[in-house]
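Per full-length UniProt numbering, residue 1 is the first one in the sequence shown, and the count goes up by one each step. Glycine is no exception: its CB is placed at the ideal position from the N, C-alpha and C atoms. All figures in this text were calculated on a predicted structure; none of them were measured in a lab. Following: one structure in structure tokens, then a few remarks.
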Amino acid sequence: MTRCAQAVGAGIIASHLHKKAAELVAKVAEVRL
Numbered sequence: 001m002t003r004c005a006q007a008v009g010a011g012i013i014a015s016h017l018h019k020k021a022a023e024l025v026a027k028v029a030e031v032r033l
């Protein structure tokens with residue numbers, strides 16, 4: 001695996017995790033309202 005491919009893979013994983021975290025925060029916010 002090249003460095004470029006690793007960087008792209010890491011970016012995809014990071015954005016996916018960020019999306020999941022944002023969804024969780026939104027759910028918690030809904031529950032609190």
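For A29 and A10, the gap between their C-alpha atoms comes out near 28 angstroms. Annotation for C4: no residue places its beta carbon closer than 6 angstroms to its own, counting only its chain and skipping 5 residues before and after.
A direct Cα-to-Cα measurement between V25 and H16 gives close to 14 angstroms.
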